[in-house]
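One structure below.
Numbering (the working numbering), first residue to last: 128 to 592.
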């Protein structure tokens, strides 16, 4: 039997039992919609995390070889001092310059922030950047979802002593002018213990207070250990807040100009940076760029103890979140496929039982066992194809509605609500995988009923009542 004739007969057979066919199609369509919507949400999570991390830390980071292991406790010892020379080599390299969009140095350290006008202080993460480079990093939007993410204020065009801090840190330091929408009030006054101090300490404290310029409401002091181990202090002027995705960062981050951060850590010594950030035009070029960097480390930069890390190594949360959603998706996929498998199998078994006489008649007029088996397999394939195609179309429509509904959710530990996005259109590999999987499952679920139909004895089939 020719394929065209076979498909026509299969379609007619499906239309003969419209109610059963419709109920089976509904199960397949609902399954396809559920799979696609959750897969599209997974893609949205992946692209959002990737865009956030790449804007913040770049695709790749060049660090001193041992910085990742020991550098956070002593950033001065594990800094890169000739960073400008390294940057020049990178941007002039004929291979890398085609892949790199932004190259900028950063300096990170831990310290203590104090708002001594009201007597508050807190351990902080101090992050020194070049304002122009950071502004360029924030423009990366390969997946066209940047409008949904937190818009960070740059330090571009500000004074050297300018700083931006997290909203949580502003609240903790009682910089209440920057968090008027949150509860923020100075602590009640405490009784002074000045009378209990010895006279010499009281005199020293008073002289230090007279020498130090008065603090204003938006000034804070930052203290960090210098390269020699002595404490360094700088005063910065807080211009505003810079919301962070994670609550832990929102309560600790202080962003400075790179020169100010270098002054705090190195003082009068030779300045350095803790990392050189490389942001690429496309994430797909990350492995090629890493390979080229390793070749440069072995040749032109062989005298420098350098290592390169990608954002997934520096941000383990990325792979952990994707793995969690991947396992949830696998469970959901297995559940829906099992439902589709048994639904289609039950439908085909009922069709075989009801059409036993028809099967005997077809065999009697000359159809072979293989023709009967292909006929029922074609019916299962048609069910899968129609159900999967309908599910894809409905899922695309639902995704369009959800993306424009303005619905948001707030993940645990995140400071601001995030919009719910479903990314299906353009994910051709995902669409092909879901459609192909559903089609394969429906064909497989039709195989046993089709095999049973093809093995029915002609005499017994014609005598069947």
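A virtual CB, placed ideally from N, CA and C, is assigned to each residue, including glycine.
Predicted model, so just to flag it, every value in this text is computed and none were measured.
By the Cβ rule, the stretch 280-296 does not count as touching the stretch 192-201, because fewer than three pairs are nearer than 8 Å. Residue range 227-242 is occupied by the beta strand (DSSP E) that includes residue 241.
Every alpha helix (DSSP H) stretch that sits fully inside the stretch 172-204 and reaches 4 residues is listed by chain position as 194-197. Selection 157, 214, 309 evaluated against residue 462 yields 157 as nearest (Cα-Cα). Inter-residue distance for residue 346 and residue 372 is about 25 Å (C-alpha atoms, whole angstroms).
Listed in chain order, the non-local C-beta contacts of residue 526 below 6 Å within the same chain comprise 167, 549, 551, local neighbours out to five positions each way being set aside.
The three-state reading of DSSP puts residue 169 in helix, counting H, G and I together. Annotated as distal: residue 230 and residue 261, with beta-carbon spacing of 9 Å or more.
Non-local beta-carbon contacts of residue 464 in its own chain, meaning distances under 6 Å to residues more than five positions away in sequence, involve 568 in chain order. Taken through DSSP and simplified to helix, strand or coil, residue 406 comes out as strand. Beta-bridge analysis with DSSP links residue 536 to 545. Going by beta carbons, residue 241 and residue 249 fall inside the 9 Å limit.
Residue 401 is positioned such that its CB atom lies closer than 9 Å to that of residue 206. With contact defined as three or more Cβ pairs closer than 8 Å, the stretch 570-579 and the stretch 504-511 are in contact. In the three-state scheme derived from DSSP, where H, G and I count as helix and E and B as strand, residue 254 is classed as strand.
Counting the other Cβ atoms within 10 Å of the Cβ of residue 443 gives fewer than 16, which makes it exposed. Measuring C-alpha to C-alpha distances from residue 267 to each of 431, 407, 354 identifies 407 as the nearest. Collapsing the DSSP output to three states places residue 412 in a helix. Non-local C-beta neighbours of residue 180 in its own chain, meaning closer than 7 Å and more than five positions away in sequence, comprise 438, 442, 445, ordered along the chain. Distances from the alpha-carbon of residue 212 to those of 225, 135, 430 put 430 closest. DSSP, read as helix, strand or coil, puts residue 249 in strand.
Around the beta carbon of residue 257, 16 or more other beta carbons sit within 10 angstroms, so the residue counts as buried.
In this structure, DSSP gives residue 301 a state outside helix and strand, which the three-state scheme calls coil.
For residue 270, there is no enclosing alpha helix (DSSP H), as DSSP gives it neither H nor E.
Within the model, the alpha-carbon separation for residue 493 versus residue 141 is close to 23 Å.
DSSP, reduced to helix, strand and coil, places residue 143 within a helical segment of the structure shown. Selection 391, 189, 271, 251 evaluated against residue 293 yields 251 as nearest (Cα-Cα). DSSP assignment within the stretch 469-508 yields no whole beta strand (DSSP E) run of 3 residues or more.
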